[in-house]
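When we follow the numbering used here, the leftmost residue of the sequence shown carries the number 81, and every step to the right adds one.
We put the beta carbon where it would ideally sit given N, CA and C, even for glycine.
Report on the structure given below.
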Amino acid sequence: MIKLIKSIGRTLAIALLTCVVFLLSCQSKIIYYPRPYDTAQVKAFEGEGGRKLEYTTSQGKQTAFYLPPQEGANPSQPPPFVWFVFGGNGSLSLDYSDEPPFWDKKLGYVFVDYPGYGMCQGSPNPKRIGENAVTVAEKMRKEFGWTEEELRARSGVFGHSIGCASALIMADDMHLRRAVLCAPFTSLTDMGRVVLGWPLCYINMHRFDNVARLNSITARGNAEVRIFHGTHDEVIPVRMAHTLRDRFPKQIRYTEMNKSHHNDVVTDAREDIGRAIRELSTPASTPD
């Protein structure tokens with residue numbers, strides 16, 4: 081009997097170790113789904129008045145995209161307010177470039193891809209994504225002739241899915257206080273618990289933690305966050321948005337989209353997102 085128990089224990093240990101090794105070796109492939117741009121998509125964006133933003137990080141050459149105001153301002157002048165846009169793990173940033181006309185044409189938008197995505201070299205992880213975001217923000221600040229205080233006062237972040245985590249990394253690192261988030265998770269470890277269960281959820285090398293980032297952002301004061309989540313989200317449970325809402329009731333205004341799924345919440349909430357962006361796009365002093 082003792083030999084049988086030991087044999088079962090060894091088998092379970094080997095099975096668990098195999099799972100651990102597998103998850104560690106292919107974790108990035110499970111989380112990220114990078115792909116290059118179709119040339120036509122970039123040309124169409126440039127045809128609408130957008131342009132490439134080229135810069136370099138530790139991952140090599142990176143390319144983001146800037147869409148200047150389409151109404152009410154000289155495109156060659158700094159915008160009254162700029163939004164940095166981050167997409168999902170299977171999306172490219174320009175997949176969201178059709179949204180600004182429904183949000184506010186008077187504002188500027190920077191579409192940020194992750195290392196390894198689109199026209200960007202390298203491979204993604206939270207630190208590299210943060211480096212990418214901060215570098216392009218600094219590039220735009222200098223191009224607009226803004227001080228760091230002006231950048232904080234005249235910038236916000238938009239994110240969808242894992243892009244919410246990327247957006248909050250930028251907001252935290254750059255001391256921005258305004259964010260619009262669609263289908264956010266609480267943390268990637270919590271997502272691992274949903275998909276893999278305990279204890280495998282802790283074998284997570286990509287520690288995106290939206291609760292921790294919001295704790296840091298809200299602690300500085302005057303944070304304003306809008307969250308949109310679909311009731312039928314099949315990827316990120318809507319209860320995670322409820323957790324964020326309940327954790328930060330003073331800073332978060334939450335809108336639940338009835339019957340919206342994970343990939344259509346941005347378009348389903350288009351009018352409400354536009355309203356939120358317009359409400360949050362009033363330049364104001366941002367505390368350090």
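Inter-residue Cα distance where the pair is residue i and residue j
i, j, result
"R300", "R325", "18 Å"
"I307", "N295", "16 Å"
"T298", "M337", "25 Å"
"P195", "F182", "28 Å"
Beta bridge counterpart(s) of residue i as assigned by DSSP
i, result
"I297", "Its beta-bridge partners do not exist; DSSP assigns none."
"E304", "R258"
"G310", "M337"
"W163", "Y189 and G236"
"D289", "S267"
DSSP state of residue i mapped onto helix, strand, coil
i, result
"Y176", "helix"
"S246", "helix"
"Q331", "coil"
"A144", "strand"
"Y282", "Confidence at Y282 is low in this model, with a pLDDT of 46, below 50, so its placement is unreliable and the value that follows should be read with caution. If DSSP states are grouped into helix, strand and coil, Y282 belongs with the helices."
"T227", "coil"
"P363", "coil"
"V101", "With a pLDDT of only 41 at V101, under 50, the local geometry of the prediction cannot be trusted, and no value is derived from it."
"A120", "helix"
Residue i and residue j closer than 8 Å at C-beta
i, j, result
"L261", "G225", "no"
"I242", "G168", "yes"
"K186", "A153", "yes"
"G198", "T143", "yes"
"H342", "V305", "no"
Endpoints, the beta strand (DSSP E) within which residue i is located
i, result
"L133", "R131 to T137"
Residue span of the alpha helix (DSSP H) that contains residue i, given as start and end
i, result
"I357", "R350 to L360"
"T215", "P206 to F224"
"E128", "E128 -> no alpha helix (DSSP H), and no H or E assigned at all."
Residue i Cβ short of 7 Å to the ligand MG heavy atom set
i, result
"P329", "Absence of the ligand MG is noted for the structure shown, with no ligands found whatsoever."
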